[in-house]
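Trainee: Residue numbers (the working numbering), protein chains in the order written: chain A, 1 to 113; chain B, 1 to 113.
Provided herewith is a single structure, encoded as structure tokens, for subsequent inquiry.
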């Protein structure tokens, strides 16, 4: 039973345009969400996070939106750059847990020149 | 300012042998996590440790797998009598106390022949 779902295994976007990566979750007890970026043969690196008390968090070209009623979050990257080509993982966290993150399967983003 | 250090980066074992994977957390981090990534899948939580304590091992297979984080030295993930299905990338992450943000190592890729 996947509690965090990234339904698009891959996404191709033209350089300079907006990339939108989506993530759905089922557990309403999740209250902290994170996006990680992973290049081949490297470990995931933290990108941006959002607490459930917010609906938007912005950091430079990256913005995460949270829609709690829909149990949906999205990562927007604008403008997309070739270096953004990577696998993006959505993860959710229960603050009363031992900080165990529940991960989605990832979306491979390909930025076309 | 070293990040999370994992070694070996690549390990090849024959079926029935033992595999030992090591992880040194970032300086100042007291929490260590191990994840496994099978091909075409997201990361799966295995175990969460603090110094000399296993906090949550709910993701660990019941047999052949063990983990430790001694008072001195790195955390070790040990797989006894490896089988082909153990072939995967094993990622270690660390975090400071009180935060869900994880910092990952580059991973150890285990290949079982």
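Idealized CB from N, CA, C, for every residue including glycine.
(1) With 8 Å set as the bound, which would you pick, yes or no: does the beta-carbon of residue 86 of chain B sit closer than that to a beta-carbon of chain A?
(2) Within the continuous beta strand (DSSP E) that includes residue 27 of chain A, where are the two ends?
(3) Provide the residue(s) that pair with residue 77 of chain A in DSSP beta bridges, ordered along the chain.
(4) Does the beta-carbon distance from residue 93 of chain B to residue 4 of chain B come in below 8 Å?
(5) What residues of chain B sit near residue 60 of chain A, judged by a beta carbon separation below 9 Å?
(6) Can you give, in chain order, each stretch of the beta strand (DSSP E) that sits fully within the region 79-107 of chain B and has at least 3 residues?
(7) Listed from N- to C-terminal order along the chain, which residues in the region 39-50 of chain A have their beta-carbon within a distance smaller than 8 Å of any beta-carbon of chain B?
(8) Using three-state DSSP, classify residue 55 of chain A as helix, strand or coil.
(9) Please tell me whether residue 121 of chain A has its Cβ less than 8 Å away from any Cβ of chain B.
(10) Would you report the Cα separation of residue 112 of chain B and residue 58 of chain A, rounded to the nearest angstrom?
(11) Closest Cβ-Cβ distance between residue 28 of chain B and chain A: below 8 Å?
(12) With distances taken between CB atoms, is the gap from residue 37 of chain B to residue 21 of chain B smaller than 8 Å?
(13) Strictly under 8 Å for the Cβ-Cβ distance: is residue 38 of chain B near chain A by that measure?
(14) In terms of alpha-carbon separation, which member of A/49, A/113, A/101 and A/100 lies closest to residue 84 of chain A?
(15) Decide if the region 11-19 of chain A is in contact with the region 77-84 of chain B; the criterion is three or more beta carbon pairs, one per stretch, under 8 Å apart.
Mentor: Short version:
(1) Counting from 1 along the second chain, the entry for residue 86 of chain B is found at position 86. Chain A contact via Cβ: absent.
(2) Indexing the first chain from 1 puts residue 27 of chain A at position 27. Where residue 27 of chain A is concerned, there is no enclosing beta strand (DSSP E), given that its DSSP letter is neither H nor E.
(3) Walking along the first chain from the start, residue 77 of chain A turns up at place 77. In DSSP, residue 77 of chain A forms a bridge with A/19 and A/62.
(4) For the purposes of this step, residue 93 of chain B is taken as residue 93 along the second chain, with counting starting at 1. For the purposes of this step, residue 4 of chain B is taken as residue 4 along the second chain, with counting starting at 1. Remark: C-beta atoms of residue 93 of chain B and residue 4 of chain B approach each other more closely than 8 Å.
(5) For this step, residue 60 of chain A is matched to residue 60 along the first chain. Think of a sphere of 9 Å around the beta carbon of residue 60 of chain A: no beta carbon from chain B falls inside it, the nearest being about 17 Å out.
(6) As for any beta strand (DSSP E) of minimum length 3 sitting wholly inside the region 79-107 of chain B, the runs are 88-95, ordered along the chain.
(7) Cβ contacts with chain B come from 41, 42, 43, 44, 45, 46 and 49.
(8) By one-based count along the first chain, residue 55 of chain A stands at place 55. In the structure shown, residue 55 of chain A sits in coil (DSSP, three-state: anything other than H, G, I, E or B).
(9) Here chain A covers residues 1 to 113 and nothing more, so residue 121 of chain A does not appear.
(10) Within the second chain, residue 112 of chain B is the residue found at index 112, counting from 1. Within the first chain, residue 58 of chain A is the residue found at index 58, counting from 1. Rounded to whole angstroms, residue 112 of chain B to residue 58 of chain A spans 43 Å at the Cα level.
(11) Translated into the one-based positions of the second chain, residue 28 of chain B becomes position 28. For residue 28 of chain B, the closest Cβ of chain A is not nearer than 8 Å.
(12) Stepping through the second chain from its first residue, residue 37 of chain B is reached at position 37. Stepping through the second chain from its first residue, residue 21 of chain B is reached at position 21. With respect to residue 21 of chain B, residue 37 of chain B sits apart: the two C-beta atoms are not nearer than 8 Å.
(13) If you number the second chain from 1, residue 38 of chain B lands on position 38. Judged by the 8 Å Cβ criterion, residue 38 of chain B is not in contact with chain A.
(14) For the purposes of this step, residue 84 of chain A is taken as the residue at position 84 of the first chain. When A/49, A/113, A/101 and A/100 are compared, the shortest CA-CA separation from residue 84 of chain A is found for A/113.
(15) Judged by Cβ distances under 8 Å, the region 11-19 of chain A makes no contact with the region 77-84 of chain B, as fewer than three pairs qualify.
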